[in-house]
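For reference, the structure is listed below as structure tokens.
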Amino acid sequence: EDQVTQSPEALRLQEGESSSLNCSYTVSGLRGLFWYRQDPGKGPEFLFTLYSAGEEKEKERLKATLTKKESFLHITAPKPEDSATYLCAVHFWGGSQGNLIFGKGTKLSVKP
Amino acid sequence: NAGVTQTPKFQVLKTGQSMTLQCAQDMNHEYMSWYRQDPGMGLRLIHYSVGAGITDQGEVPNGYNVSRSTTEDFPLRLLSAAPSQTSVYFCASSYFGTGDSPYNSPLHFGNGTRLTVT
């Protein structure tokens, strides 16, 4: 069965305390992996797309990496404004137009 | 640039009532979709469309209808609301172009409609 699992479910950090969020997947042929940020009461906002193992993307304090089985979202020296739920979504082969599965998300809280 | 606009933001219905959730996008995206988001669950696809006049079912289509008469609009209809349909609903669109999948490009989401059915 195709699955996307995010861990941890929730993460509390102190401002400046670096950490990583994980997105592991078991799908039949990865085509791409997306990271989104979702603020309370808002829709998900696109952050990164990764396509192949070894690929990395960076944006401000965030860096996303990809292996054959999982992706990490590294947060370096986080600030309170980085508090949000981070979602990953996996695009994989299936059907006539591919499939997309979302993970349940990791809720990040950064305290000053 | 408005992006994806959803209305209303909040709605309370009684069991058995019907309503339409509106979604409009101004990016000329061919692909549009509806998701529901429930606590402890990932976003689940309800219905989607790859162009005007073309719709198809997603993972959880029961109790919902859609139509796509224009590129811009993709309304979601609840014919007879049930408490199990209490959720947050998101509309999303993406650029399809000449590719083989609407998921080659990232989805653009609206800010959601929070629906409560009592």
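Read top to bottom, the protein sequences are chains U and X.
Each residue of the first sequence is one higher than the one before, counting from 252 in this note's numbering.
Each residue of the second sequence is one higher than the one before, counting from 10 in this note's numbering.
The beta carbon of each residue, even a glycine, is placed where N, CA and C say it ideally should be.
None of these values were measured; they are calculated from a predicted model.
Hey, S269 (chain U) and A328 (chain U): beta-carbon distance below 8 Å or not? yes
Would you list the one or two residues that DSSP bridges to H117 (chain X)?
-> Note: H117 (chain X) is bridge-paired with X:S102 in the DSSP secondary-structure output.
Rounded to whole angstroms, what is the Cα-Cα separation between L281 (chain U) and L298 (chain U)? Between the C-alpha atoms of L281 (chain U) and L298 (chain U) there is a straight-line separation of about 18 Å.
Taking only runs that begin and end inside the stretch 289–353 of chain U, name each unbroken beta strand (DSSP E) of 3 or more residues, in chain order.
296–301, 307–310, 313–317, 321–326, 335–343, 350–353
- Item | Neighbour flag for T277 (chain U) against chain X, beta carbons, 8 Å | no
_Just verifying my parser: in three-state terms, what is the DSSP assignment at S258 (chain U)?_
strand
| query | How would you list, in chain order, the residues of chain X whose beta-carbon sits under 9 Å from the beta-carbon of K293 (chain U)? | reply | F118, N120, G121
**Three-way DSSP call (helix, strand, coil) for S78 (chain X) in this model** = coil
*Where the stretch 343–362 of chain U meets chain C: residues whose CB sits under 8 Å from a CB there*: Considering every chain present, this structure includes no chain C. Its protein chains are U and X.
inquiry  = I'd like the list of long-range same chain contacts for T277 (chain U), defined as Cβ closer than 7 Å, with 5 residues on each side in sequence excluded.
reply    = D253, Q254
Open item on the list: Below 8 Å, how does it come out for the stretch 64–71 of chain X and the stretch 11–18 of chain X: are there three or more Cβ pairs, yes or no?
Closed with: no
Margin query: Check for me: the beta strand (DSSP E) holding K362 (chain U) runs from which residue to which?
Written below: In the DSSP assignment, K362 (chain U) falls within the unbroken beta strand (DSSP E) covering 357–362.
Check: Between the stretch 297–314 of chain U and chain X, which residues of the former have a C-beta closer than 8 Å to a C-beta of the latter?
Finding: F297, T300
Could you confirm whether any beta carbon from chain U is found closer than 8 Å to the beta carbon of S110 (chain X)? yes
Point to revise | Same chain only: Cβ atoms within 7 Å of D290 (chain U), ignoring 5 sequence neighbours per side | key: A335
| Interface partners of F285 (chain U) on chain X, CB under 9 Å | Under the 9 Å cutoff, chain X gives Y112, P115, L116.
Is any beta-carbon of chain U found at less than 8 Å from that of G62 (chain X)?
-> no
Got a sec, what are the start and stop residues for the beta strand (DSSP E) D253 (chain U) sits in? Here D253 (chain U) belongs to no beta strand (DSSP E), and DSSP marks it neither H nor E.
- [ ] From the DSSP output, in three-state form, read off S93 (chain X) for me.
- [x] helix
Q.
Can you tell me which residues form a DSSP beta bridge with L284 (chain U)?
A. When beta bridges are read from the DSSP output, L284 (chain U) appears opposite U:L301, U:V341.
Among U:N273, U:T300, U:G267, U:E266, whose alpha-carbon lies nearest the alpha-carbon of P259 (chain U)?
U:N273
Supposed contact pair V97 (chain X) and Q46 (chain X) - C-beta distance, whole angstroms, cut 8 Å: 5 Å
For this session: Tell me, please, whether the CB atom of F19 (chain X) is closer than 8 Å to any CB atom in chain U?
Result: So, not an interface residue.
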